[in-house]
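Residue numbers (UniProt numbering): 1 to 352.
Structural data, given as C-alpha cells:
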C-alpha cells in the first residue's frame, strides 16, 4: 500500500528559498500548499505547472483565513517571512499562531537571521533583526521548530547595476565587484535555488527529535571576497577583481527601506568587520561534526577552522549543511554553469 502524501505549508512561494523547496518537494511526491502574493511572473508560472502544488494567492498581513487554510492538515511548514509583505514581526507571529492552532504541524522550519545588536556593539540590520524577534516568539509557543540561517546567495550576483552584488563588466571584458566587506574575511555562501530545497527536505526527514530548537546555517562555503572573485575568474576564463569600498554604490532606484539596510551593512561589515553569524553556536565545533568534508573554502581535503570577522569561524558553519545535502553547488560551478545563463535571461550578451 502506498503511504498518503504529507503536505508541506510554505509562504512567499516565489522567493528563492521557498521555490527551491517547492520544486524538490513536488518532484519527490510531497504535497505542497503555498501562499503566493501574485500569480503573475516567471516563477509563479512555473510553480502552477508542478504536480501536487496548490497555490493560495493573497497577502499575509491580517489574513487569518488564508493562514488557517494554509496549515489545515499540513504536517510540515517552511516559513520565510519578508519585510516587503508588511510588518514582518506581526506576520511571523500570526503564522506561528496559525500553525499552532492547526494542531497538525509536526515540524516547523523558520528561516531566521541574527540581531547583531544582541551580541556586540553592532547595529541591528533592519531586514534581519525582525526575523530574530519572530524566532524567539516561535520558541515561546513550544512548536516543534528548527531555525535555518541562510548565507549570502550566489544568485545575488549580476552585471546589472544593482547595489552590493554587482559583478560589473568592464570595457576590457573583465569583471569587478565593489563592496564594503574586508577583502580577506570569509563570508558564508550558498546557491539558494539549487541547495535550499534538498537541505530542508532532509531536515524534515530527520525530524524534530534531532533538530528541535537547533539553529542550522544554510551555508556550504565560506569564501572571502578575493576568493569569490578568483572562483569567477577560473569559471569564466576572464579576470575578476575585488575592490573594497567604504560606501555601497547605488546606481538605480531601490525599494523603500532598502537604503537603510545598505547603510547598516556598510557599518556592520565595513566599519566593524562583524561576524555574519554572531551566535556562539556558529563559532564552536558541532558535536559529532562529519569529517572529511573539506575546508570551508572548497571541496578539497582537510577540515579545520578559518580566521574570520571577530575571530575564528567554526567549520560547523558548513559542516551541518554539507552533511544534510552533499550535492551542493560551489561558487565556481555556479559562476561557470549558472551565472551566464541568468545573465542571458536578463537580456545581456557578453557571454556570447
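Virtual Cβ for every residue (Gly too), placed ideally from N, Cα, C.
Taking C-alpha positions only, residue 252 is separated from residue 152 by approximately 21 Å. In the three-state reduction of the DSSP assignment, residue 113 falls in the coil class, being assigned neither a helical nor a strand state. Inclusion of residue 39 and residue 61 in the CB contact set at 8 Å is not warranted, their separation being larger than that value.
By the criterion of a C-beta distance shorter than 8 Å, residue 85 is surrounded in its chain by 12, 37, 59, 60, 61 and 91, once the five residues flanking it on both sides are discounted. Looking at the DSSP output, residue 331 sits in no beta bridge, so it has no partner there.
By the neighbour-count definition (other C-beta atoms within 10 Å, threshold 16), residue 171 is an exposed residue.
If you ignore the 5 residues before and after residue 14, its C-beta comes within less than 8 Å of the C-beta of 36, 37, 38, 41, 43, 44 and 47, all in its own chain and listed in chain order.
A distance of 8 Å or more separates the beta carbons of residue 96 and residue 148. Counted as a single uninterrupted DSSP element, the stretch harbouring residue 133 is not any beta strand (DSSP E) but the alpha helix (DSSP H) occupying residues 129-140.
Taking a contact to require three or more Cβ pairs closer than 8 Å, the stretch 123-131 and the stretch 170-185 do not qualify as touching. Residue 321 is a Cβ neighbour of residue 217, given a cutoff of 8 Å.
No Cβ-Cβ contact shorter than 8 Å links residue 135 with residue 102. Restricted to the stretch 64-88, the beta strand (DSSP E) segments that are unbroken, complete and at least 3 residues in length are 76-79, listed in chain order. For residue 149, the enclosing beta strand (DSSP E) starts and ends at 145-150.
If you ignore the 5 residues before and after residue 329, its C-beta comes within less than 6 Å of the C-beta of 191 and 194, all in its own chain and listed in chain order. Only buried fits residue 331, as 16 or more other CB atoms lie within 10 angstroms of its CB. For residue 227 and residue 241, the gap between their C-alpha atoms comes out near 10 Å. Given a length threshold of 4 residues, each whole run of the alpha helix (DSSP H) inside the stretch 145-212 is given here in chain order: 192-206 and 208-211.
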